[in-house]
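One structure is given here, and the rest of the page talks about it.
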Amino acid sequence: MHPNQALIERFYTAFQQKDFRTMQACYHPDLRFSDPVFPKLKGAEAGLMWEMLLTRSADLTITFGNVQADYRSGSCDWEATYTFSGTGRTVHNVIHAEFLFKNDLISRHDDRFSFYEWSSQALGLTGKILGWSRFLEKKIQRKAADGLRNFIQKKAKN
Numbered sequence: 001m002h003p004n005q006a007l008i009e010r011f012y013t014a015f016q017q018k019d020f021r022t023m024q025a026c027y028h029p030d031l032r033f034s035d036p037v038f039p040k041l042k043g044a045e046a047g048l049m050w051e052m053l054l055t056r057s058a059d060l061t062i063t064f065g066n067v068q069a070d071y072r073s074g075s076c077d078w079e080a081t082y083t084f085s086g087t088g089r090t091v092h093n094v095i096h097a098e099f100l101f102k103n104d105l106i107s108r109h110d111d112r113f114s115f116y117e118w119s120s121q122a123l124g125l126t127g128k129i130l131g132w133s134r135f136l137e138k139k140i141q142r143k144a145a146d147g148l149r150n151f152i153q154k155k156a157k158n
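When you line the sequence shown up against UniProt numbering, it's residues 1 to 158, in that order.
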């Protein structure tokens with residue numbers, strides 16, 4: 001097994017165990033992270049995002065597979081099932097992740113999933129009607145960014 005494949009597996013095994021510290025340790029300090037909800041995280045922000053999500057989630061389950069990697073890049077398919085706190089609705093999100101590596105750590109992490117499918121599950125009728133729109137996507141991104149900013153500020157005070 002390639003060492004970067006083992007790194008991805010370590011990351012997702014830690015995710016399954018809600019071990020955000022191990023997840024954070026898999027990331028390079030110059031990390032760039034992107035997904036439809038958190039499109040432009042840099043450095044420690046991504047690790048703190050996982051910490052926020054994991055410490056707030058009571059019923060998150062993660063599965064992963066199809067892990068592939070070489071010296072430069074890698075990929076993985078993973079699924080998350082959880083209750084979306086904003087509505088109490090169950091979400092089953094199917095994600096494809098792509099990675100770049102630097103100094104034996106993840107330097108780029110891009111998660112791709114259907115925002116429409118996610119918002120339809122998380123928001124119900126609102127998501128089904130508006131999930132295709134940039135308006136709803138931008139609104140969700142702003143709310144997520146505000147939540148992460150508040151989490152980071154609160155954490156800094158402690």
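For glycine and all other residues, C-beta sits at the position ideal for the given N, C-alpha and C.
Model, not experiment: these values are computed from the prediction.
Counting only unbroken stretches of 3 or more residues, the beta strand (DSSP E) elements lying wholly within the UniProt domain "SnoaL-like" (8-109) are 27-34, 61-69, 73-84 and 89-102, in sequence order. Straight across, the Cα-Cα distance linking Gln-5 with Ala-69 is about 5 angstroms. Here the segment 84-97 makes contact with the segment 107-125; the two share three or more CB pairs at distances below 8 angstroms. Around the beta carbon of Ile-129, fewer than 16 other beta carbons lie within 10 angstroms, which makes this residue exposed. Phe-113 and Trp-78 have their C-alpha atoms roughly 10 angstroms apart. If you check the CB distance, Asn-103 and His-28 come in under 8 angstroms.
DSSP places Trp-118 inside the alpha helix (DSSP H), whose first and last residues are 115-123.
By alpha-carbon distance to Gln-17, the top candidate from Tyr-71, Arg-108, Thr-61 and Arg-142 is Thr-61. Classified as buried, Phe-20 has 16 or more neighbouring CB atoms from the shown chains inside 10 Å of its CB. According to DSSP, Arg-112 shares a beta bridge with His-96. Segment contact: the segment 22-37 against the segment 134-150, three or more CB-CB distances shorter than 8 angstroms; contact assigned. Rounded to whole angstroms, the separation of the alpha carbons of Arg-56 and Asp-110 is 22 angstroms. Counting other Cβ atoms within 10 Å of its Cβ, Val-67 reaches 16 or more and is therefore classed as buried. Judged by DSSP in its simplified three-state form, Gly-131 adopts coil rather than helix or strand. Classified as exposed, Tyr-71 has fewer than 16 neighbouring CB atoms from the shown chains inside 10 Å of its CB.
About 6 angstroms separates the CB atoms of Ser-75 and Ala-97; that is less than 8 angstroms, so the two are in contact. Around the beta carbon of Ala-156, fewer than 16 other beta carbons sit within 10 angstroms, so the residue counts as exposed.
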